[in-house]
Amino acid sequence: MSARPFGVYVHFPYCAVHCPYCDFAVSTERVIPQERYTRAVLVELALRAPSFAGLEPRSLYLGGGTPSLWDAERVADVVTAVRARFRLPADAEVTLEANPESCEPARLAAYRGAGVNRFSVGVQSFDPGVLAKLGRRHGPEAAERAIRAAAAVLPNVAVDLIYGARRSTVATARSDAERLAGLPVAHVSAYALTLDPEVLAEEVPLARLRRQGRLPLPSDDEVVAQARAVRAALRRAGIRRYEISNFARAGFESVHNRIYWASESYLGLGVGAFGCRYEEGREAALRWGNHRAPAAYLATVEAGRLPTAEEERLGARELVEERLMLALRTRGGLPLSELPPSKRSEADALVRGRLAVLREDRLVLTARGMEVHSAVVERLLP
Amino acid sequence: MPQENQHIRNFSIIAHIDHGKSTLADRLLEKTGTVTAREAQAQFLDNMELERERGITIKAQTVRMIYRALDGKEYVLNLIDTPGHVDFAYEVSRSLAACEGAVLVVDASQGVEAQTLANVYQALDHDLEIIPVINKIDLPSADVEGVRREIEEVIGLDAKEAVPTSAKEGIGIQDILEQIVRKVPPPGGDPQAALKAIIFDSWYDSYRGVVMLVRVFEGTLAPKQRIQLFSNKREFEVQDLGVFAPFSRPVTKLIAGEVGVVVANVKDVHDAKVGDTITEVGRPTDEPFPGFKVVKPMVFSGVFPIDAKDYDNLRDALVKLRLNDSAFTFEPETSQALGFGFRCGYLGLLHMEIVQERLEREYELSLITTAPSVVYRVTDTQGELQEIDSPAKLPPVQRIAKLEEPILTCHLHGRTDDVGNILKLCQDRRGVQRDLKYIGTRRVQITYDIPLAEVVFDFFDKLKSVSRGYASLDYELKGYAEADLVKLDFLLNGEPVDALSVIVHRDHSYQRGRELCGKLKEVIPKQMYEVAIQAAIGAKIIARETVKAYRKNVLAKCYGGDISRKRKLLEKQKEGKKRMKQVGSVEIPQEAFLAVLKVED
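Just so you know, the protein sequences line up as chains A and B, in that order. Residue numbers for the first sequence follow my numbering, beginning at 167 and rising by one. Residue numbers for the second sequence follow my numbering, beginning at 695 and rising by one.
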């Protein structure tokens, strides 16, 4: 029996500006402490690696923040260290998130040289109005240039889109998706702008405006219509939905992100990163989050201590809940054997109501079901 | 020869809700030194939390005060506090029967209210000496002389000596005490005669068993005495006697004319019915105290646990409640929609609300209470008569030969300005006018026969709103009358929900069906599926509304740390739904089942 997989996530918190919708741990220090931060990540790797012994590494994901501001040599240090530590297979997915502004061909080539084999470009939209309201500095042309530049370096390019934002319409959402479909893109993440305080790690500036009633946003019906327009355009281009917000050409589904949705372990390194380790037998797990402030993170790691800021022990109940919640986000759905037996009739009702289908003994949400994923899961919770 | 009970005065206070009964009682207790001002700060007589919140008295209370009057003599004043709501009219009558006098509190700016009037008439029926008091004279809107005139005109009492009072400011308290001593007659009765005492309240105490609050009319109660309850001939031995002064303290005897508590190893509160007569074994009194009746619930509703696991807890709680409330009844009931629960009977809607709140608060149960129903009399085609207390029990229409409903005689009292509105409301509620009397130039007394079912459905609130709070209501059961009634069923996504059914008059059925569908649409939250709400009479759909499905919830990213936040949000949402009942695929909030009470005309 093969060992269970896990993924490695490394967070690079530094950004030129803080986008007002982003709830990741971000720092806009003028001078990025490249060496110091890299050293700290490597120290943390050494501290945390032993607890992942016995698991099989599948992926490395460098997210942020803006990891395309990370010097390629330092990125190489990190990729090399992770490979050495865990014997990451040569063809394992290594993703680096890139901002359109930093997608110069030479820089991207250097990342490829550092071991990166997948770029994720934060485009968000091609509409100047939408981009401005999202606080993005790049324009539509820069975004397109960035994608082409990335694709010229690596065949595996992913792009992020946001819809449901201020100024977003069905027309902008559709044209964003269509424009992407015409570009050399293998993977698309399309997110509805989310300012719900309960799912954000912190109150982002747009959420504050929203709370103060100063940010008019499209209605739920409108957002649903935008999502449908995005889906339709991507589907026409052969980019298939495999998770609520994720689409890919066949074979280009994200290895790393599927680890989260499959309830497997992940090692998070760096400022504000989260890690989760399932125990043998998968009856319990530990999830932890690192300090979100770079100063606290650096100081702790440099003192040789784990930079854990929060920790949560997950018992059998929480794991069942998460399993339901995560598996039902995906095209693969949830094996019926994992459904709480008392919820079988509920699942049948979902099928009758066309919110789900049964496919090879798995419960899979339909497009309509995915729109109300939270409500569906809530009904199925034990 | 001076009798042993000549220094006793038994009196109650009659007042409309909010006219200041509790505050006045507190002042009397303070003035007589029964309690200190500090002890009185939480109004002493209303000692149940719910009572205090609602500003009304549910259980009778008594307190014994010692008062040294201006004539230099010491008097024992027993204040017998009466329940203050129309649901408890019988209890009021029994408390009044225990008194020789009553202090009538009238608000100096509001004047005489119907509820007060009804109690005054009861007091007069019991030959009580009435001492009018005009309270709240400290308010700028006070009109002492106007109210004095009104007391004379409306009630026909001599109000020359009515005491201008401000219970809040402590004005007039001594005058009231003096008038009680001077005007209320001492109780009669011979302490040596055969025992005759009436129970005017009883409750269950987990340490002492049933405690009976009694007024002795003849003879003497003493510990070790063998007593007998007149209605069921059961015998008990007196264990303890006591009085409240204001806290319970034991006494060695209660003689004719006295008021106090008796503990006699009675296990079941239903053996100590309010109004029953206590006498002694071996030397029984010839005649029981008149007016005893067994109070019967007038209004019924289903009570179901939201979580079926709470069924046993609910039953235990109901058993406990019944220990203390002989007017409350329950029996098991099964609903297709709500599962296993109980059909509960109440004196009225206030009583129902009190029971419901106590179950939720004191026993921490999450419950669904279905719309209240009255008891209908059904004569089937075989000629058989059957009483039904739930719409679900109504036989199919083709088996019904005759359907009768209970009718109330309602006494409404209001301002002449509001007469039009009040009459319209009564007409709308299928009322039949019996009497309309102008009293003075400002007030009117209206008597209507109205079906109980119409009164149950927010009649009182409506009355208050059409009269800007001035009108008041008192009623008694008149009898049964045949009516053209139909059962209105409700379907959610095509499935009938039996617990939502109501019985309505045919003429109102379409309107009610539409109103209720509208109300259900308001209270049923959007869910994953569209919810079709239909009202039906038999197989015929008469109204329809749709709760649209909600369109989206959070299509966001879900990685790493998002997972915990998202899971906790789901847990919280699920917790929030615990107060909803899932019927088929539809989640129905508690208030939907009482929507019928909340329909705006």
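Beta carbons: idealized from backbone N, C-alpha and C, even for Gly.
Limits of the unbroken alpha helix (DSSP H) element including residue i
i	result
B:His-1045	1043–1056
A:Arg-489	482–493
A:Ala-225	Reading off the sequence shown, one finds Ser at residue 225 of chain A, where the question assumed Ala. Per DSSP, A:Ser-225 belongs to no alpha helix (DSSP H); it is in the beta strand (DSSP E), 222–230.
B:Val-1013	1005–1017
B:Lys-875	Correcting the residue identity first, residue 875 of chain B is Val in this sequence and not Lys. Run containing B:Val-875: 867–877, per the alpha helix (DSSP H) assignment.
Opening and closing residue of the beta strand (DSSP E) in which residue i lies
i	result
B:Cys-1120	Note, B:Cys-1120: premise wrong, no beta strand (DSSP E); alpha helix (DSSP H) at 1113–1122.
B:Gly-1033	1033–1040
A:Val-523	522–525
B:Arg-703	702–709
B:Tyr-901	Here B:Tyr-901 belongs to no beta strand (DSSP E), and DSSP marks it neither H nor E.
B:Gln-1276	1274–1277
B:His-1199	1196–1199
B:Asn-829	823–829
A:Gly-295	Where A:Gly-295 is concerned, there is no enclosing beta strand (DSSP E), although the alpha helix (DSSP H) it sits in stretches over 294–299.
B:Thr-1063	1061–1063
A:Asn-456	451–456
B:Ala-960	For the sequence presented, residue 960 of chain B should be read as Val rather than Ala. B:Val-960 -> no beta strand (DSSP E), and no H or E assigned at all.
A:Leu-359	It is not in any beta strand (DSSP E) - A:Leu-359 carries neither H nor E in the DSSP assignment.
B:Asp-1129	1126–1133
Buried or exposed by the 16-neighbour rule on C-beta atoms within 10 Å, applied to residue i
i	result
B:Gln-1127	exposed
B:Asp-1083	buried
A:Glu-283	In the sequence as presented, Glu is not what sits at residue 283 of chain A; that position holds Asn. The residue is buried, with at least 16 neighbouring Cβ atoms inside 10 Å.
A:Gln-378	exposed
B:Gly-1254	buried
B:Ile-1282	buried
B:Phe-705	buried
B:Thr-1135	exposed
B:Tyr-1244	buried
A:Leu-472	exposed
B:Ile-1140	buried
B:Ser-1020	buried
Cβ of residue i within 8 Å of any chain B Cβ
i	result
A:Phe-178	no
A:Ala-358	yes
A:Gly-519	yes
A:Ala-398	no
A:Leu-320	no
A:Ala-541	yes
A:Ala-219	no
A:Glu-446	no
A:Ser-411	yes
A:Val-390	yes
CB contact check: residue i to chain A, cutoff 8 Å
i	result
B:Gln-1221	yes
B:Arg-1238	no
B:Arg-1245	yes
B:Val-1280	no
B:Glu-1265	yes
B:Ser-1258	yes
B:Gly-1033	no
Strand pairing of residue i, partner residues [DSSP]
i	result
A:Pro-136	Given a span of 167 to 548 for chain A in the structure shown, any question on residue 136 of chain A remains unanswerable.
B:Pro-1100	B:Tyr-1174
B:His-1105	B:Thr-1141, B:Asp-1168
B:Phe-1024	B:Cys-1038
B:Asp-1074	B:Ile-1094
B:Ala-1237	B:Ala-1229
B:Arg-1162	For B:Arg-1162, which the question treats as bridged, DSSP gives no partner whatsoever.
**Prompt:** Is the stretch 528–543 of chain A touching the stretch 489–496 of chain A in the sense that three or more CB pairs, one from each, lie closer than 8 Å?
**Reply:** yes
Stretch pair the stretch 1063–1075 of chain B + the stretch 1138–1151 of chain B: three plus CB contacts closer than 8 Å:
yes
Check: Does the stretch 1004–1015 of chain B come within contact of the stretch 949–960 of chain B, defined as at least 3 CB pairs closer than 8 Å?
Finding: no
inquiry  = Taking contact to mean 3 or more Cβ pairs, one atom from each stretch, closer than 8 Å, check whether the stretch 355–369 of chain A and the stretch 1236–1245 of chain B are in contact.
reply    = no
| said: Across the stretch 992–1004 of chain B and the stretch 913–933 of chain B, are there enough close Cβ pairs to call them in contact, namely three or more that are closer than 8 Å? | reply: no
message: I want to know whether the stretch 331–351 of chain A touches the stretch 289–298 of chain A - three or more CB-CB distances under 8 Å.
response: yes
Pairing CB atoms from the stretch 999–1012 of chain B with CB atoms from the stretch 976–983 of chain B, are three or more of them under 8 Å? A contact between stretches requires three or more CB pairs, one per stretch, nearer than 8 Å, and the stretch 999–1012 of chain B fails this requirement with the stretch 976–983 of chain B.
Self-check item: Sufficient close CB pairs (3 or more, under 8 Å) joining the stretch 235–243 of chain A to the stretch 214–226 of chain A
Solution: No: fewer than three Cβ pairs fall under 8 Å.
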